[in-house]
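For what it's worth, our numbering labels the leading residue of the sequence shown as 163, then goes sequentially. To start, the structure itself, in structure tokens.
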Amino acid sequence: MDKTELSTSLQYFIAEAKKKDGGTYPSNSIYDLFSSIQGYIRHQKSSSINFFTDPEFLRARQVLDAVMKERATEGLGANTRKQADVISVDEETSLYDKGILGVDNPQQLLDTLLYLCGHRCNAVRVYKRTSADQQIQASNILYGLGPSDGSKKAKPSAARMHQLAVLRLNVQQTSDKKTVTCNFSL
163 MDKTELSTSL
173 QYFIAEAKKK
183 DGGTYPSNSI
193 YDLFSSIQGY
203 IRHQKSSSIN
213 FFTDPEFLRA
223 RQVLDAVMKE
233 RATEGLGANT
243 RKQADVISVD
253 EETSLYDKGI
263 LGVDNPQQLL
273 DTLLYLCGHR
283 CNAVRVYKRT
293 SADQQIQASN
303 ILYGLGPSDG
313 SKKAKPSAAR
323 MHQLAVLRLN
333 VQQTSDKKTV
343 TCNFSL
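Structural data, given as structure tokens:
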């Protein structure tokens, strides 16, 4: 089968693909099918065919785009990902009280920063808070204040900041190279 025939077959497949029960696939599933066929052809034939860049597959890409937009307007695929529930203030306080979040050890600090700042994936990003509150709480953590201190923001004492982190730099220079060693401890 040459590229033109393959493109035509893909167009019909994308436009007519149905589930076993006769329902239509959500837009993200159609895209996954398209990508899977691409991967299968590359694996089987060790060819350089690329549905996403080759000009012969432009029409197939246009059909894919149209079908995905149509399914999105129908509401298919709009809310297919599971989302976590928002964490309440009581649950957050409980995390601090149980020692899961805090600044007492490196793992707690890492977990706290991940919790407050989020991560670049939907599983963690679901937790929503205004950026001002988020900045204040991150500052409180870095300054060693807990969530129940009652103050919005306080200046840290020098002794407390010294307890939080120590950074040591060691620079060694020889005639042909320079070595910098950085030790960071909490």
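Quick reminder that beta carbons are idealized off the backbone N, C-alpha and C, glycines included. The structure presented is a predicted model; accordingly, all values stated were derived computationally and were not measured.
Scanning Thr-186, Pro-188, Tyr-187, Thr-215 for the CA closest to the CA of Gln-200 turns up Thr-215.
Taking the CA atoms as reference points, Asp-227 sits about 11 Å from Phe-196. In its chain, beyond the 5 residues on either side, Leu-263 have a beta carbon closer than 7 Å to the beta carbon of Leu-257. The beta carbon of Asp-273 sits closer than 8 Å to the beta carbons of Ile-262, Leu-263 from its chain, once the five residues preceding and following it are set aside; these are given in chain order. Where Lys-165 is concerned, the enclosing alpha helix (DSSP H) starts and stops at 165-178. Exposed is the label assigned to Met-163, since fewer than 16 other Cβ atoms lie within 10 Å of its Cβ.
Annotation: Leu-263 is outside any alpha helix (DSSP H) and is labelled neither H nor E by DSSP. Judged by DSSP secondary structure, Asp-227 falls within the alpha helix (DSSP H) whose first and last residues are 220-235. Judged by DSSP in its simplified three-state form, Thr-255 adopts helix. When DSSP states are grouped into helix, strand and coil, Thr-274 belongs to the helix group. Your pair Val-251 and Ile-176 does not check out as a contact, with CB atoms roughly 47 Å apart and the cut at 8 Å. Shown here for Leu-172: same chain residues with a beta carbon closer than 6 Å to its own, the five before and five after excluded, namely Ala-222 in chain order.
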